[in-house]
Amino acid sequence: MLDKNDHYAEHNRVLFQHLLVLNILSSPGAGKTTLIQRVLHDCDLIAGADPLYRPQKTVRPGVIVGDLATDRDAERLRQTEQPVIQINTGNLCHLEAESVGKAAQQLDLDHLNLLIIENVGNLICPAVYDLGEDLRIVLMSVTEGEDKPLKYPTMFKSAHVVVITKTDIADVVGFNREEAVSYLRLIAPQAIIFELSATTGEGLTSFYAYLNQALSQHVAKVLV
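Each residue of the sequence shown is one higher than the one before, starting from 114 at the first, in the working numbering.
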């Protein structure tokens, strides 16, 4: 099954070659939809977040949302007036590359330069399914405890980026930042760590600058 998925993932990479593709993963309730919603609202800020971002003046996103059932998250994201496609996985606890590729073809890919995939809320199954993404971004909320990386090492080891979310309530829930970061460094030393609140905007500036640079570098690679 994984061999078949990997085949479709490589097909997706060809399909997505001019796009920066983000695979956003977390457990349920960690803030995937809220962060994506904020990113979609703030495309102009992302485009101007770093002076190195020259090849394209705008961020033109599309979104694929994976959920077991309902389209509630997709409807939230459609309120931003950005293109959103829903995949309902039914009994599957993860997205697969084949369904992502089919969903992506419902978007005007030639118009986009950023594709955001919101994976099913789960830190186990999606860890081993390549969707053809460029960057795997794993979220962990301050409400989930500091030891999330220890409990789900496969997922965190696969991450290019880890985002600690809901930092505005960290003190309320007694979140120990130093302990959490130390576990992340132990399990996922390769990952870039951001700490932010999509609700208040705290920490978004550095995250947006990172997205800006990632877009710039991807465009430069495509143009070579």
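Note that CB positions come from ideal geometry on N, CA and C, so glycine has one too.
Helix, strand or coil at residue i according to DSSP, with G and I counted as helix
i           : result
residue 225 : coil
residue 278 : strand
residue 231 : strand
residue 254 : strand
residue 308 : strand
residue 128 : helix
residue 172 : coil
residue 214 : helix
residue 262 : helix
residue 243 : coil
residue 154 : helix
residue 219 : coil
residue 149 : helix
residue 207 : coil
residue 271 : coil
residue 318 : helix
residue 184 : coil
Pairwise C-alpha distance: residue j and residue i
i           : j           : result
residue 226 : residue 328 : 8 Å
residue 253 : residue 275 : 7 Å
residue 213 : residue 295 : 34 Å
residue 173 : residue 233 : 23 Å
residue 168 : residue 317 : Because the pLDDT at residue 168 is just 47, under 50, the model does not fix this residue reliably, and the point stays unresolved.
residue 119 : residue 285 : 42 Å
residue 321 : residue 306 : 13 Å
residue 258 : residue 308 : 14 Å
residue 310 : residue 278 : 6 Å
residue 153 : residue 207 : 23 Å
residue 140 : residue 256 : 11 Å
residue 177 : residue 280 : 26 Å
residue 126 : residue 201 : 22 Å
residue 131 : residue 171 : 14 Å
residue 175 : residue 239 : 21 Å
residue 128 : residue 334 : 15 Å
residue 115 : residue 211 : 11 Å
residue 199 : residue 231 : 10 Å
residue 315 : residue 282 : 11 Å
residue 123 : residue 117 : 10 Å
residue 264 : residue 313 : 29 Å
residue 121 : residue 209 : 9 Å
Opposing strand residues paired with residue i [DSSP bridges]
i           : result
residue 179 : 200
residue 292 : Per DSSP, none; premise fails for residue 292.
residue 133 : 227
residue 249 : 136
Any chance the stretch 177-189 sits against the stretch 134-144, with 3 or more Cβ pairs inside 8 Å? no
Taking 8 Å as the cut-off, does the stretch 250-269 touch the stretch 297-305 (at least 3 CB pairs, one atom from each stretch)? yes
When the Cβ atoms of the stretch 238-248 are set against those of the stretch 189-199, are three or more pairs found closer than 8 Å? no
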